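Asks:
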Amino acid sequence: MISNRIFVAAVAMLAWIAAGAQKRLTMQECIDMAVKNNYGIRAAEGEVEKSQLMQGSAWDLDKTSLSLKQDPTSGGSPDNSLTLSQSFDFPTVYALRRRSLKAETAVAKSRAGLSRKQLSAEVANAYGQMVFVIEKKRILAEQDTIIGKYLHLATVRYMAGEARQLEKLTASRMRSENRMELEKTDAEYRALKQKMRELLNTDEDIAPADEQQKPLTYEETGSIDFASTAEGEYYSKALDMGNRKVSEAKSGYLPNFSVGLSTQMVFKGWNPYHVDRSRFGKGDFMGFEVGVGLPLFFGSTRAKVKAARKDREITELYGRQSMQRMQTEYDIQKGNYLAARKRMDYYTGEGLAEAREMARIAQVSYENGDIGYVEYIQSLLESVNTRLKYAETVREYNIAVINLRNMVK
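Under our numbering, the first residue of the sequence shown carries the number -8, and numbering increases by one thereafter.
1. Should glycine 340 go down as buried or exposed, given a rule of 16 or more other Cβ atoms within 10 Å for buried?
2. Looking at the unbroken alpha helix (DSSP H) that takes in threonine 212, where does it start and where does it end?
3. Here's the rule I'm using: 16 or more other beta-carbon atoms within 10 Å means buried, otherwise exposed. How should alanine 99 be labelled?
4. Does the stretch 178 to 188 touch the stretch 261 to 277, meaning 3 or more C-beta pairs lie closer than 8 Å?
5. Give me the Cα-Cα distance between alanine 115 and serine 370, rounded to the nearest whole angstrom.
6. Pair every Cβ in the stretch 49 to 61 with every Cβ in the stretch 20 to 36, then say whether three or more of these pairs are closer than 8 Å.
7. Let me confirm a value: proline 199 is counted as buried when at least 16 other C-beta atoms fall within 10 Å, else exposed. Which label applies?
8. In whole angstroms, what separates the C-alpha of arginine 303 from that of asparagine 71?
9. For the beta strand (DSSP E) that tyrosine 308 lies in, which residues bound it at each end?
10. What did DSSP end up calling serine 58 once you bin it into helix, strand or coil?
11. Among Thr319, Lys380 and Met121, which has the Cα closest to the Cα of alanine 331?
12. How close, in whole Å, do the beta carbons of serine 315 and alanine 391 come, if the pair is a contact with beta carbons under 8 Å?
13. Measure from the C-beta of aspartate 267 to each C-beta in chain D and report whether the shortest distance is under 9 Å.
14. Compute the Euclidean distance between the alpha carbons of serine 269 and aspartate 62, then round it to the nearest angstrom.
15. Applying the 10 Å Cβ sphere with the 16-neighbour rule, what's the burial state of methionine 398?
16. Determine the DSSP secondary structure at asparagine 29, reduced to helix, strand or coil.
17. Determine, using beta carbons only, whether leucine 372 and glutamine 156 come nearer to each other than 9 Å.
18. Assign alanine 200 to one of three DSSP states: helix, strand, or coil.
19. Residues in its own chain within less than 8 Å of lysine 14 by CB, not counting five upstream and five downstream?
20. Inspect the CB distances between the stretch 205 to 215 and the stretch 135 to 149 and report whether three or more fall short of 8 Å.
21. Valine 296 and valine 385 look like a contact to me (Cβ under 8 Å); what is the Cβ gap, rounded to whole Å?
22. If you reduce the DSSP assignment to three classes, tell me which class methionine 416 lands in.
23. Quick check: the stretch 255 to 265 against the stretch 93 to 109, are at least 3 beta-carbon pairs closer than 8 Å?
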């Protein structure tokens, strides 16, 4: 027994030293750090910045053309000139392209917001699981102490011939199973800490500031309005972008224009036919030209329009699938929430009070000699087990609340 106490004290001391090196954060602090540091969020924000930069490409003119023409049989005329020309699309094409690029930016922003919400829910669930595991470890440790006393008594009774070996073996099995559960819980906690470091993108040893679960608040809604959710907003923006892309593709049916200006330029030194190549003396302006490009062949444009419409149709189908999936998930999580709340109401209203009363009565009865030590220990174990079930219920309740919040906000 003394060696066990020394072992427990050593473990407690190591845990205290380790806790000193930990950085304790609240749930909101963890979420804020994750949103700031997470690579996925930073990449999504980079996509937004890129799409904003791309808006500057809406006014995309073709390269300006500079051409030189020399006619060895003449002098100052348009045949010996330097021509500057520029082609450009129909004016509405640039407006359509800019609207399309703005729609892409809106989609990128919505996608980034959706990523932040999903990450926040993931961090909240990981944080809640860490707090639950801490609470579970504390309850299991208390249970281990009670089972240890039970095992010691069963061993003494067996050695004295007052109990059968079955009682001692049962107590030993209970102790082994409880300690295996403790080891499993320790491993789960280490895995959760590693997961939290990954989500927060940090090398720090993160631990939750809370060590006991608290039921989260949730305002119940009768149904879910997909259009008001983050996913609904994303698909709404994506559909708008699809419409813009169709309009942009249709702009291929519009004509384009070109304009050119010519100025006199005669190379007198180049005169292979020895003719009069004198400059035109009344001015250098040699005229202008205006052209219109008519799309006589529509095959490529027609294919682009059909492809843009198909993209829009695909987006609409994905949106409907997402709405259907979210409604199903909402119904499932709402059912989980109601079931967990009902169990939680039982424990807070009756279960925990009855467990405490059971432990109190067992203590008084044992002190008065009305029950034996074995019955006393079993009563304490039942009381502790009730607390463990309540902790599990709170965890299930909080998971449902986090998932519901993530959907309806």
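Glycine is no exception: its CB is placed at the ideal position from the N, C-alpha and C atoms.
None of these values were measured; they are calculated from a predicted model.
Replies: According to the structure shown:
1. Here residue 340 corresponds to residue number 349 of the sequence shown, with the count starting at 1. The residue is exposed, with fewer than 16 neighbouring Cβ atoms inside 10 Å.
2. Locating residue 212 in the sequence shown gives position 221, counting from the first residue. For threonine 212, there is no enclosing alpha helix (DSSP H), as DSSP gives it neither H nor E.
3. By 1-based counting over the sequence shown, the position of residue 99 is 108. With a threshold of 16 other beta carbon atoms within 10 Å, alanine 99 meets it and is buried.
4. By the Cβ test, the stretch 261 to 277 is not in contact with the stretch 178 to 188, since fewer than three Cβ pairs between them sit closer than 8 Å.
5. Taking the sequence shown and counting its residues from 1, one reaches residue 115 at position 124. Taking the sequence shown and counting its residues from 1, one reaches residue 370 at position 379. The straight-line gap separating the alpha-carbon atoms of alanine 115 and serine 370 is approximately 36 Å.
6. Judged by Cβ distances under 8 Å, the stretch 49 to 61 makes no contact with the stretch 20 to 36, as fewer than three pairs qualify.
7. Taking the first residue of the sequence shown as position 1, residue 199 is located at position 208. Counting C-beta atoms within 10 angstroms of its own C-beta, proline 199 has 16 or more neighbours from the protein chains shown and is therefore classed as buried.
8. Position 312 of the sequence shown, counting from 1, holds the residue named residue 303. Position 80 of the sequence shown, counting from 1, holds the residue named residue 71. Cα to Cα, the separation comes out at about 53 Å.
9. Looking up residue 308 in the sequence shown gives position 317. Note on residue identity: the sequence assigns leucine, not tyrosine, to residue 308. In the DSSP assignment, leucine 308 falls outside any beta strand (DSSP E) and within the unbroken alpha helix (DSSP H) covering 290 to 337.
10. Your numbering for residue 58 matches position 67 in the sequence shown. DSSP places serine 58 in strand when its eight states are reduced to three.
11. Against the sequence shown, residue 331 aligns to sequence position 340. Per the Cα distances, Lys380.
12. Position 324 of the sequence shown holds residue 315. Position 400 of the sequence shown holds residue 391. Correcting the residue type first, residue 315 is glutamine in the shown sequence and not serine. The C-beta separation of glutamine 315 from alanine 391 comes to about 20 Å, leaving the pair out of contact by the 8 Å criterion.
13. Considering every chain present, this structure includes no chain D. It has just one protein chain.
14. Taking the first residue of the sequence shown as position 1, residue 269 is located at position 278. Taking the first residue of the sequence shown as position 1, residue 62 is located at position 71. Between serine 269 and aspartate 62, the alpha-carbon positions lie close to 12 Å from each other.
15. Start at 1 with the first residue of the sequence shown, and residue 398 comes out as number 407. That one is buried.
16. By 1-based counting over the sequence shown, the position of residue 29 is 38. Here asparagine 29 sits in coil by DSSP.
17. In the sequence shown, residue 372 corresponds to position 381, counting from 1. In the sequence shown, residue 156 corresponds to position 165, counting from 1. For the 9 Å CB-CB criterion, leucine 372 and glutamine 156 do not form a contact.
18. Residue numbering aside, residue 200 sits at position 209 when the sequence shown is read from its first letter. DSSP places alanine 200 in coil when its eight states are reduced to three.
19. To locate residue 14, count along the sequence shown from 1; it is residue 23. Cβ neighbours of lysine 14 beyond the five flanking positions: Glu195, Asp196, Ile197 and Ala198.
20. Verdict: no, contact absent.
21. By one-based count along the sequence shown, residue 296 stands at place 305. By one-based count along the sequence shown, residue 385 stands at place 394. Rounded, the Cβ-Cβ distance is 56 Å, inconsistent with contact.
22. Outside the displayed range of the chain (-8 to 400) lies residue 416, so it cannot be described from this structure.
23. Judged by Cβ distances under 8 Å, the stretch 93 to 109 makes no contact with the stretch 255 to 265, as fewer than three pairs qualify.
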